[in-house]
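Novice: Encoded as structure tokens, here's the structure I'll be asking about.
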Amino acid sequence: MIVYGARPSPFVRKVIVFAAEKGLTLDVQPGGFGQGNEMFAQASPFGKIPGFQDGDFLISDSTAIITYLDTIRPDPNLIPTEAKARARTIWYEEFADTILQPVGMQIFFNRVVAPFLGLPSDPAAADAAEADRMPELYDYVEGNLPDSGFLVEDRFTLADIAVACPFINIGYCSDGLEKGHWPRLKAWLQAVRAWPSFTEALAIEGKAVNRMMAK
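Each residue of the sequence shown is one higher than the one before, starting from 4 at the first, in the working numbering.
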């Protein structure tokens, strides 16, 4: 199985970690930002990452890919089957993808991606997102983290994977979380980063991130 994209992407990282938790091995190949072969173009006709290939099956979008992986490898269960827990897990993935990530992208893109690629950047937009938008998102997760330290069912699930990924990118270029008083969120994110599948993914992407940050 091949996933096309850049490892530092929160969406690509989400798929990589989810697959690792399932015991599935992915071959990560370039895709997006003008990179990628013909199979990537077929998997992702609109150029969005990640793209995915399993034999002759081609698909894009992290949620679609994860749905496929979860179906072909149900265990270990990372998307709860109990109705309320399942709905809550899907909500957290939606929160990460459509609420948290767009704000985080303003920070990460303008401070890291655009300078690295030589694209126009908007530092003011990054500063505004950091100062005006992120605190309420930090507050939301801080206020909803159970005592167990996991978002759903008192165990590691897709919810933890999905929500952590944008926070990790924000943390590469923002100290907003560290400056604020969000102890539960800080402890949770530290624990997720130390989870073996995350540790491995972050170690591999580290060289790419360092190159990007050096610009």
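Ideal Cβ positions, reconstructed from N, Cα and C, are used throughout, including at glycine.
What number of angstroms, rounded off, separates the C-alpha of residue 37 from the C-alpha of residue 81?
Specialist: Here residue 37 refers to the residue found at position 34 when the sequence shown is read from its first residue. Here residue 81 refers to the residue found at position 78 when the sequence shown is read from its first residue. About 33 Å.
Novice: Got a sec? Which residues, its chain only, sit under 7 Å from residue 104 by beta carbon, not counting five neighbours each side?
Specialist: Along the sequence shown, one-based indexing puts residue 104 at 101. Result list for residue 104: 13, 169, in chain order.
Novice: For residue 129, would you say it is in contact with chain C, using Cβ-to-Cβ distances shorter than 8 Å as the test?
Specialist: Here chain C cannot be found, since the structure has a single protein chain.
Novice: Could you spell out the range, first to last residue, of the alpha helix (DSSP H) harbouring residue 130?
Specialist: Indexing the sequence shown from 1 puts residue 130 at position 127. Taken as a continuous stretch (DSSP letters only), the alpha helix (DSSP H) holding residue 130 covers 126-131.
Novice: Decide yes or no for the touch test of the segment 149-161 against the segment 82-101: beta carbon pairs closer than 8 Å, at least 3 of them.
Specialist: yes
Novice: Do you know how far the Cα of residue 215 is from the Cα of residue 174?
Specialist: For the purposes of this step, residue 174 is taken as the residue at position 171 of the sequence shown. For the purposes of this step, residue 215 is taken as the residue at position 212 of the sequence shown. Taking the straight line joining both Cα atoms gives about 14 Å.
Novice: List in chain order: all unbroken alpha helix (DSSP H) runs of 4+ residues lying wholly within the segment 25-70.
Specialist: Within the segment 25-70, the complete alpha helix (DSSP H) runs of at least 4 residues are 41-46.
Novice: Below 8 Å between beta carbons: does that hold for residue 113 and residue 129?
Specialist: As a position in the sequence shown, residue 113 is number 110, starting the count at 1. As a position in the sequence shown, residue 129 is number 126, starting the count at 1. Yes, these two residues count as a Cβ contact at 8 Å.
Novice: Rounded to a whole number of angstroms, what is the C-alpha to C-alpha distance between residue 198 and residue 69?
Specialist: The residue labelled residue 198 in the question sits at position 195 within the sequence shown. The residue labelled residue 69 in the question sits at position 66 within the sequence shown. Going from the Cα of residue 198 to the Cα of residue 69 covers about 19 Å.
Novice: Determine the burial state of residue 122: buried for a count of at least 16 other Cβ atoms within 10 Å of its Cβ, exposed for fewer.
Specialist: In the sequence shown, counting from the first residue as 1, residue 122 sits at position 119. Counting Cβ neighbours within 10 Å, residue 122 comes out exposed, since fewer than 16 surround it.
Novice: Determine, using beta-carbon pairs with one atom in the segment 141-149 and one in the segment 186-203, whether at least three such pairs fall under 8 Å.
Specialist: In short, these stretches touch, since the Cβ pair count reaches three.
Novice: Does the Cβ-Cβ distance between residue 56 and residue 137 come in under 8 Å?
Specialist: Position 53 of the sequence shown, counting from 1, holds the residue named residue 56. Position 134 of the sequence shown, counting from 1, holds the residue named residue 137. Not closer than 8 Å, so no.
Novice: Figure out for me which residue from 107, 35, 18 has the closest Cα to the Cα of residue 29.
Specialist: Walking along the sequence shown from the start, residue 29 turns up at place 26. Closest option to residue 29, Cα to Cα, is 18.
Novice: Give the secondary structure of residue 5 by DSSP, where H, G and I count as helix, E and B as strand, and everything else as coil.
Specialist: Position 2 of the sequence shown, counted from the first residue, corresponds to residue 5. Three-state DSSP puts residue 5 in a strand.
Novice: With DSSP as the reference, please indicate the residues paired to residue 158 in a beta bridge.
Specialist: Numbered from 1 along the sequence shown, position 155 holds the residue referred to as residue 158. DSSP lists 155 as partners of residue 158.
Novice: For residue 49, count neighbouring C-beta atoms within 10 Å of its own C-beta (all shown protein chains included) and say buried if the count is 16 or more, exposed if not.
Specialist: Taking the sequence shown and counting its residues from 1, one reaches residue 49 at position 46. Exposed.
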